[in-house]
Amino acid sequence: MTTPSPARLPSDTGDSPDREARLPEPETAREWLAAMVLIRRFEERAGEMYARAKIGGFLHLSIGEEATIVGTAKALRDEDYLVSTYRSHGDALARGTPPEQVMAELFGKRDGCSKGHGGSMHMFDAQRRFMGGYGIVGGNLPIAAGIALACDQRGSDEVTLCTFGDGATNQGTFGETLNLAALWRLPVVFMVVNNMFGMGTSLARHSAVTDLQRKGESLGVPGMRCDGMDILDTHAVVSEALGRVREERRPLLVEAVTYRFRGHSMADPEDYRTKEEVAEWRERDPIPAFGELLQREGVLSSEQRAQIDRDAIRRVDEAVEFAESSPFPGPEMLYEDVYVIDEQVHGRYHETGPGR
Amino acid sequence: MSELRYRDALKLALREEMARDENVVLLGEDIGVFGGAFKVTSGLLEEFGERRVRDTPISENTIVGMGVGAAMVGLRPVVELMTVNFALLAFDQIVNHAAHIHYMFGGQARVPLVVRMPQGAGHQLGPTHSHSLEAMFLHVPGLLVAVPSTAADARGLLKAAIRDENPVIFIEHESLYGIRGEVDEQDQEPLLFGSARIAREGSDVTIVGVSRMALTAERAAEQLAGEHGIEAEVIDPRTLRPLDLDTILASVAKTNRCVVVEEGWPHGGVGANLAALVSEQAFDDLDAPVVRVSGADVPMPYSKPLEEIAYPHAPDIVRATLSVLGRDPAQALTIPLATGQDGQRGQDGEPGQDGQREGEQNAPGAVQEAMQQVGVESEIREASR
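If you're matching them up, the sequences are chains A and B in order.
For the first sequence, the working numbering begins at 1 and goes up steadily by one.
For the second sequence, the working numbering begins at 1001 and goes up steadily by one.
Right, here's the structure in full:
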């Protein structure tokens, strides 16, 4: 088995300037760090709550991928659309969804962002144009292209960004959707978050072409790559991709090379990789790396850095408290939102009689 | 009133809704330049342009999925799939996405999408192009399912489907595209989903016919009246979700007997569902168990004599009705199942004596599709005029 190594990086992203030169304004830089820390602390607590059976089902954590998530979200405009996967708590948080609503959804509570109908894999925030976490691998690509089609049809310059894992590049929708998006020149950025594994199967064992940024070439979609462990590189490359797509009206594929430090889900013994490999990647942990960079550059004091962490822990505490106190959905909500009930139709939508 | 073919009634609905709302867009394989495999969309590309009538690659799952995404942010896409069997390639987007998005995202997103497709046997297209799968879609909460059998219903229901806020599976029938029917072009109103049509009134037995089987049931009812003195009430539910069960129950309360006819498979079928509902909710009204008539429990065979006996015809319904009335099915005067080679069966939408098609090929679309495979598109276009 080929062992993925961080040595394969860093950035061969070509055009992007030096990382120091890419530093945003100090306040913005601190916000980015805070967003990454919030996701990290949120995910850690979610893992604890799962162990305490407060959260059911599957729980896919993003720990290790925060630079990819935040670097991408911060490159988007407010009016752009983000479409994500079943590993999407971080995407919702980065887009601005209150941690309370995300945690309440994990708890299956009424005040969750999807009212307890969706759970971990199905976050959504229409107001912030976070157009969903999707539980089917590759199922979100056509939907993202459809959103881009609607934007294009209206003549807006909104761009849709669709993230998916390396495993999704083997699904039929990858080929189908990239072809169609290129053919119709749709404003969509396809972003493969290459965390080196499709569940427990390593990239080299699931994809004949492991240089994923090239996987769209034959479909008419050029690729770019960023170091997904580096928020500055991710932000720079994704910004460039969004700008080009907005301007040139054609899709691009961006590969973010990253690594998840935790298992695929909480129910993952991780027999498919070594502790040494994980430890090696953890040395490139994007959060301390960015924190230290900001300190070196003099835009962050150690006290500010500690305060960012304390704030994140407090926000997550509040989110857990909120989720605990939010009521479970009542039985009257079982049938709520199956259909949009309006005047177009009448008759029996459901069979809800005795025995059901 | 004017007399329109079923396919032209569908086109009229598309044209009217596209003119009414610029958010209505059509997506599908060969719907534009080619005019549609069954010519439902012919002329619409010229009328509305290529941004609203979009020829797609052969990528069913992605076409439907793009319809889902576009619908979530305000377009009203109408996706055409060439046959119901091809919809199976899009089942992920139809079931996991279109049907569930409104629910799983807590009502924050709507999917006002229509997915149109024809179904049905009778054209020797074998096991991958001939099935009737409405039961599969009926099974899924979150979807609405329409199965129109007349030109007027096709137009009215398609207009309603396009205006509805829910994803709609709109199932047409390959054998009905050429059938003519009265359509009131002045009446622009959509036909409400969830309202059954009583195709024929009667007091002795209720026959519910789904999709094309509504017409076959009407033919059977004529035989029952003419040959057996039995007055059957024929009901076409027109939509399966929502279902106008009240009309069916009211009829059963009057007739006390019920036959359900579908072209699809028996296990887990529409007939099984209706039989269960009627038995549960009208048990005291029934003088006999509900009887189902369905397609044979086999993949659709190619060979004509086999295909003929693999889906219901009027004589099958006559026999089932006689049995539910406690009469000997052998009393049926009708000739036994024919081989179909003599063209005298006169089934709805089949070659024969129904005289409704004015010499038109029964299902030009199916023929065109077959011809397309041997590369004679020019003849196809010619034949369609």
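Beta carbons are placed, not taken as given, at the ideal position from N, Cα and C, and that holds for glycine.
Asked	Found
Figure out for me which residue from 1291(B), 1001(B), 1308(B) and 1194(B) has the closest Cα to the Cα of residue 1325(B).	1291(B)
What do you reckon, are the CB atoms on residue 1076(B) and residue 1025(B) nearer than 9 Å?	yes
Find the residues of chain B that neighbour residue 114(A), judging by a C-beta separation of less than 8 Å, and give them in chain order.	1104, 1105, 1106 and 1108
Chain A partners of residue 1070(B), CB-CB under 8 Å?	146, 147, 149, 150 and 153
For chain B, is any of its Cβ atoms less than 9 Å away from the one on residue 57(A)?	no
Report yes or no: do three or more beta-carbon pairs, one from the segment 80 to 91 of chain A and one from the segment 147 to 162 of chain A, lie closer than 8 Å?	yes
Please state whether the Cβ-Cβ distance between residue 210(A) and residue 190(A) is less than 9 Å.	no
Along chain A, in chain order, which residues have C-beta atoms closer than 9 Å to that of residue 1057(B)?	176, 179, 180 and 183
For the alpha helix (DSSP H) containing residue 175(A), name the first residue and the last one.	172 to 183
Going along the segment 1241 to 1258 of chain B in order, which residues come within less than 7 Å of chain A, judged by CB to CB distance?	1241, 1242, 1243, 1244 and 1245
Short of 8 Å in beta carbon distance, which residues of its chain neighbour residue 1094(B), apart from the five on each side in sequence? Order them along the chain.	1064, 1087, 1115, 1137, 1140, 1143, 1167 and 1169
Going by C-alpha to C-alpha distance, which of 278(A), 179(A) and 208(A) sits closest to residue 170(A)?	208(A)
Using a Cβ-Cβ cut-off of 8 Å (strictly less than) and excluding sequence neighbours within five positions of residue 30(A), which residues of its own chain qualify?	294, 299, 300, 304 and 308
Rounded C-beta distance between residue 75(A) and residue 235(A)? I'm assuming under 8 Å.	5 Å
Enumerate, from N- to C-terminal direction, the unbroken alpha helix (DSSP H) stretches of 4 or more residues contained entirely within the segment 118 to 198 of chain A.	140 to 154 and 172 to 183
Residue range of the beta strand (DSSP E) that residue 1184(B) falls in?	Neither: residue 1184(B) is in no beta strand (DSSP E) and is coded neither H nor E.
Between which two residues does the beta strand (DSSP E) containing residue 1239(B) stretch?	1239 to 1241
Just checking, does the segment 1281 to 1300 of chain B make contact with the segment 1121 to 1138 of chain B on the three C-beta pairs under 8 Å criterion?	yes
Output needed for residue 1036(B): all residues of its chain with C-beta closer than 7 Å, excluding positions within five of it in sequence on either side, in chain order.	1030, 1042 and 1080
At what residues does the alpha helix (DSSP H) containing residue 1063(B) begin and finish?	1060 to 1072
Please indicate yes or no: does the CB of residue 299(A) lie closer than 8 Å to some heavy atom of the ligand GDP?	Inclusion of the ligand GDP in the displayed structure is not the case, the ligand content being empty and no account of it being possible.
Between the segment 117 to 134 of chain A and chain B, which residues of the former have CB atoms less than 8 Å from a CB of the latter, in chain order?	117, 118, 122, 124, 125, 126, 131, 132 and 134
Closer than 9 Å, CB to CB, is residue 81(A) near chain B or not?	yes
Bridge partners for residue 1293(B) per DSSP, in chain order?	1261(B)
When the cut-off is 9 Å and only beta carbons count, does residue 1136(B) lie next to chain A?	no
Verify whether the separation of the beta carbon atoms of residue 1097(B) and residue 147(A) is less than 9 Å.	no
Return the Cβ separation of residue 1277(B) and residue 1245(B) in integer angstroms, given the expectation that the two are a contact with Cβ distance under 8 Å.	6 Å
What is the DSSP secondary structure of residue 42(A), counted as helix, strand or coil?	helix
Run down chain A in chain order and give the residues with a C-beta less than 9 Å from the C-beta of residue 1268(B).	Within 9 Å Cβ-Cβ: nothing; residue 1268(B) doesn't reach chain A, min ~14 Å.
Does the Cβ of residue 335(A) have 16 or more other Cβ atoms within 10 Å, making it buried, or fewer, making it exposed?	exposed
Could you tell me the boundaries of the beta strand (DSSP E) in which residue 53(A) lies?	It is not in any beta strand (DSSP E) - residue 53(A) carries neither H nor E in the DSSP assignment.
Of the choices 1202(B), 1069(B) and 1261(B), whose alpha-carbon is the least far from that of residue 1313(B)?	1261(B)
Quick test of the definition: if touching needs 3 or more C-beta pairs under 8 Å, does the segment 196 to 205 of chain A touch the segment 238 to 250 of chain A?	no
How many Å lie between residue 98(A) and residue 257(A) at the Cα?	28 Å
May I ask you to report which of helix, strand or coil DSSP gives residue 1192(B)?	coil
I'd like to know if residue 1083(B) contacts chain A, where contact means its C-beta is closer than 9 Å to some C-beta of that chain.	no
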